[in-house]
Amino acid sequence: MTAESVWIPPNALAHLTEELARLATHPNPDRATLERVRELRKTLSQAEASIKPDDGLVEPGMRITAMISGDTRATVFLLGQRELVALDPNVGVDVYSPSSPVGQAIIGSRVGDIVTYDTPARAGIQIEILAAAPYKG
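Numbering follows numbering that gives the first Met the number 0, with no gaps: position 84 of the sequence shown is 83.
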């Protein structure tokens, strides 16, 4: 994934592609439609919908199982942009953004790593990566 690319589930990519095709063929688009077409083209030009390798590396597009300090049960979530992942109705887990405090802390870590992050409400939260598997839809 390049610095400009954004991971998106394959079903969400299909949804956005269909929306763009529908809007781009509108005979008399208004300003809002033209702006949406521009946004969709930008998003699609940055989209990466590949299945990540199952190598234990934490990156967008991975389903993460982690133990957060203070919790009694492991947390399972998909690392990805919430608004794009929400377009895929098959995603049955919480979504954590790569730009969130936890997302920023864990990207690039591997299964078995323990990393620390801060939130506005609490500092020094530890999270242990128990599993990182590719999201396959």
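Ideal Cβ positions, reconstructed from N, Cα and C, are used throughout, including at glycine.
For residue i, which residues in the same chain have their Cβ closer than 7 Å to its Cβ, ignoring the five residues on either side in sequence?
i, result
"VAL90", "PRO8, LEU77 and VAL84"
Between the Cα of residue i and those of the options, spot the shortest distance and give me the residue it belongs to.
i, options, result
"MET61", "ALA73, LEU43 and GLY107", "GLY107"
"GLU47", "MET66, GLY79 and ALA20", "GLY79"
"ILE63", "ARG30, PRO97 and GLU38", "PRO97"
"PRO52", "ARG109, GLU38, PRO28 and PRO100", "ARG109"
"ALA23", "GLN103, ARG37, ALA11 and ASN10", "ARG37"
"GLY136", "ASN10, SER4 and ARG35", "ASN10"
Look at residue i and residue j and say whether their C-beta atoms are less than 8 Å apart.
i, j, result
"LEU15", "LEU43", "yes"
"ILE124", "TYR116", "yes"
"ARG140", "VAL94", "Summary: the structure shown does not reach residue 140, with the chain confined to residues 0 through 136, and so no result is reported for it."
Which first and last residues belong to the beta strand (DSSP E) in which residue i is found?
i, result
"GLU34", "Taken as a continuous stretch (DSSP letters only), GLU34 belongs to no beta strand (DSSP E), being part of the alpha helix (DSSP H) at 30-45."
"ARG62", "61-67"
State the beta-bridge partners of residue i as determined by DSSP.
i, result
"ARG109", "LEU56"
"ASP93", "PHE76"
Got a sec, what are the start and stop residues for the alpha helix (DSSP H) residue i sits in?
i, result
"ALA48", "Element bounds for ALA48: n/a, residue is neither H nor E."
"GLU82", "81-84"
Can you list, in chain order, the residues of its chain whose CB lies under 6 Å from that of residue i, leaving out five sequence neighbours each side?
i, result
"GLY55", "ARG109, VAL110 and ALA131"
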